[in-house]
Amino acid sequence: MVDSRLLDEQLDYYRERAAEYDEWWERRGRYDRGPEANTQWRTEISQVRAVFDTLPLSGDVLELAPGTGYWTELLAQRARRVTALDGSSEMIAINQARLGKLSRSVDYHQVNLFDWKPTRRWDGLVFCFWISHVPRDRLAGFLAACRDALVEGATMFFLDGQRINESTAVDHVLPGKASEIMVRRLNDGREFRIVKNFHEPVELTELAGAAGFDLEVHRTDNFFQFAVGVAR
Numbered sequence: 000m001v002d003s004r005l006l007d008e009q010l011d012y013y014r015e016r017a018a019e020y021d022e023w024w025e026r027r028g029r030y031d032r033g034p035e036a037n038t039q040w041r042t043e044i045s046q047v048r049a050v051f052d053t054l055p056l057s058g059d060v061l062e063l064a065p066g067t068g069y070w071t072e073l074l075a076q077r078a079r080r081v082t083a084l085d086g087s088s089e090m091i092a093i094n095q096a097r098l099g100k101l102s103r104s105v106d107y108h109q110v111n112l113f114d115w116k117p118t119r120r121w122d123g124l125v126f127c128f129w130i131s132h133v134p135r136d137r138l139a140g141f142l143a144a145c146r147d148a149l150v151e152g153a154t155m156f157f158l159d160g161q162r163i164n165e166s167t168a169v170d171h172v173l174p175g176k177a178s179e180i181m182v183r184r185l186n187d188g189r190e191f192r193i194v195k196n197f198h199e200p201v202e203l204t205e206l207a208g209a210a211g212f213d214l215e216v217h218r219t220d221n222f223f224q225f226a227v228g229v230a231r
């Protein structure tokens, strides 16, 4: 079981990492795995985007852990209104700057997602590279909260990574299959412990089903796992 101190340390890590977070997404610095792997990474992002772009994410859409705003920007271009909940004020500031005028259609709130309980319902839900940071014993409760946040028939989309060394920095070591704790480093060498889980599709489908979703999980060739669910 993961205690609250580890979850606080995880939040501290992402607050401190905010300014360098996009190095991972853009395959720069310690995340540069060479031309072949980087090209494959970008190809698989395009494959995920092709699915994402077809989803009925309009109306009022909720985004959890939006980070620096890659997906927020896409949502803001198609949704009537986006509600973005993140635990890091640093991430929110970068997100707002990235979106510029588009941020006028986004309601940002700094929220500890482990304490979050929805008080209204949205027409769609997105969270990318977040579910792997949810402790195993909290996953069912998190998915139940996601269902409580949506109207019937709403679409849920989430994206995360597969267990592959090349997805992270060259000086990171993935946790063993029996562990859900990973040590991450910043560019200045500081180390933080975070939660890192690689959930199997069957596990996600069953837990989401129990929470009230019809869920389909998909994988790209190497790097990504994503899911599309419909709230029953």
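Counted the way numbering that gives the first Met the number 0 counts, the sequence shown spans residues 0 to 231. Every residue, glycine too, gets a C-beta built ideally from N, C-alpha and C.
Check                                                                                                                  : Outcome
Cβ contact (3+ pairs, closer than 8 angstroms) linking the region 180 to 187 and the region 11 to 26                   : yes
Option nearest P65 by Cα separation, candidates I44, D59, Q109                                                         : Q109
W70, DSSP secondary structure in three states                                                                          : helix
Through-space distance from A148 to D118, alpha-carbon basis                                                           : The sequence as given places Thr at residue 118; Asp does not occur at that position. T118 and A148: Cα-Cα distance of roughly 7 angstroms.
For L84, the nearest candidate out of K116, I163, A78, G33 (CA to CA)                                                  : K116
Contacting residues, own chain, Cβ-Cβ under 6 angstroms from H217 (five flanking each side not counted)                : F225
DSSP-derived helix/strand/coil call for E62                                                                            : strand
E233 - containing alpha helix (DSSP H), residue span                                                                   : Here the chain comprises residues numbered 0 to 231, so residue 233 is not present and cannot be evaluated.
Spatial neighbours of L73 in its chain, beta-carbon cut-off 6 angstroms, leaving aside the 5 residues before and after : none
Beta-carbon proximity check, T82 vs W129, cutoff 8 angstroms                                                           : no
Beta-carbon proximity list for L112, same chain, < 7 angstroms, skipping 5 on both sides                               : L63, A64, L84, G86
Given 8 angstroms, three or more beta-carbon pairs between the region 169 to 178 and the region 144 to 158             : no
Spatial distance of A143 from N164 (CA atoms)                                                                          : 31 angstroms
Straight-line Cα distance separating L101 from Q269                                                                    : Past the boundaries of the shown model lies residue 269; the chain is included only from 0 to 231, so the question cannot be answered.
Distance CB(T67)-CB(R26) smaller than 8 angstroms                                                                      : no
For V133 and L5, believed in contact at Cβ under 8 angstroms, the rounded distance                                     : About 12 angstroms; that fails the 8 angstroms criterion.
Euclidean distance between Cα positions of V60 and K176                                                                : 34 angstroms
Residues bridged to I193 (per DSSP)                                                                                    : M181
Beta-bridge partners of L84, as assigned by DSSP                                                                       : L63, H108
Assumed close pair D11, F191 - CB separation to whole angstroms, cut-off 8 angstroms                                   : 6 angstroms
Other residues of its chain near I91: CB distance less than 7 angstroms, five sequence neighbours each side excluded   : D85, Y107, Q109
DSSP state of W257 mapped onto helix, strand, coil                                                                     : Nothing can be reported for residue 257, as the shown portion of the chain is limited to 0 through 231.
Which residues DSSP lists as bridging A226, in chain order                                                             : F157, V216
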